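A.B. asks: Here it is, the structure in full.
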Amino acid sequence: MGAPKQSGHWTGFRAVLCSIDFSDQARLALRYAEVVVLWAKASLTVTYANDPPLIAAAAAALHDRQLAKRSAAELQAFAEDTVAPDSRRSFGSAPTSRSETPPKRQISSWSGRTA
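Residue numbering for the sequence shown follows the working numbering, beginning at 81 and increasing consecutively.
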């Protein structure tokens, strides 16, 4: 078997989607995404998908009805704290998106694929 034929010249990433869970590993992944975005001159979107039953259970256990609403502000703060100020000037503030649908379905939707 020979090498597969190339169908065209790959021009690099146009957009990077970084889904986070607020962990240290997610912070590291976002920093890597930042490097790729700067290198490729691409756009960056930072996402967090809430699992509705899990969020409802956590809100009930913590007696915190505002838990889901606060996650949007926490997502924005996480992105701003992680991405370097010089990078934000280069590609703008990373848009953030929060969803309350099953994570697999929402991430697939954000990436343009069907779940």
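Where is the CB? At the ideal position from N, CA and C, for every residue including glycine.
None of these values were measured; they are calculated from a predicted model.
Quick check: what's the CA-CA separation for leucine 97 versus tyrosine 112?
C.D. replies: Within the sequence shown, the letter at position 17 stands for residue 97. Within the sequence shown, the letter at position 32 stands for residue 112. Straight-line Cα distance between these residues: approximately 11 Å.
A.B. asks: Between the C-alpha atoms of alanine 138 and aspartate 144, what's the straight-line distance to the nearest angstrom?
C.D. replies: Taking the sequence shown and counting its residues from 1, the one referred to as residue 138 is at position 58. Taking the sequence shown and counting its residues from 1, the one referred to as residue 144 is at position 64. Straight-line Cα distance between these residues: approximately 8 Å.
A.B. asks: In whole angstroms, give me the CA-to-CA distance for alanine 157 and alanine 140.
C.D. replies: As a first step, residue 157 must be located in the sequence shown, where it is residue number 77. As a first step, residue 140 must be located in the sequence shown, where it is residue number 60. If you take the alpha carbons of alanine 157 and alanine 140, they lie about 24 Å apart.
A.B. asks: Which partner residues of valine 163 appear in the DSSP bridge assignment?
C.D. replies: Along the sequence shown, one-based indexing puts residue 163 at 83. Valine 163 pairs with nothing; no bridge assigned.
A.B. asks: Between which residues of its own chain and alanine 120 is the CB-CB distance below 6 Å, once the five residues before and five after are set aside?
C.D. replies: The residue you call residue 120 lines up with position 40 of the sequence shown. Here the set comprises Gly92 and Phe93.
A.B. asks: Going straight from the alpha carbon of serine 167 to that of leucine 155, what length do you get?
C.D. replies: Residue mapping note: residue 167 aligns to position 87 of the sequence shown, counting from 1. Residue mapping note: residue 155 aligns to position 75 of the sequence shown, counting from 1. Whole-angstrom Cα-Cα distance: 18 Å.
A.B. asks: Consult DSSP for phenylalanine 102 and reduce its assignment to one of helix, strand or coil.
C.D. replies: On the sequence shown, residue 102 is found 22 positions in, with the first residue counted as 1. Phenylalanine 102 falls in the coil class under three-state DSSP.
A.B. asks: Note down, in chain order, each residue of its chain lying with its Cβ closer than 7 Å to the Cβ of alanine 106, except the 5 sequence neighbours on either side.
C.D. replies: For the purposes of this step, residue 106 is taken as the residue at position 26 of the sequence shown. Within the same chain, alanine 106 has close Cβ partners Ile100.
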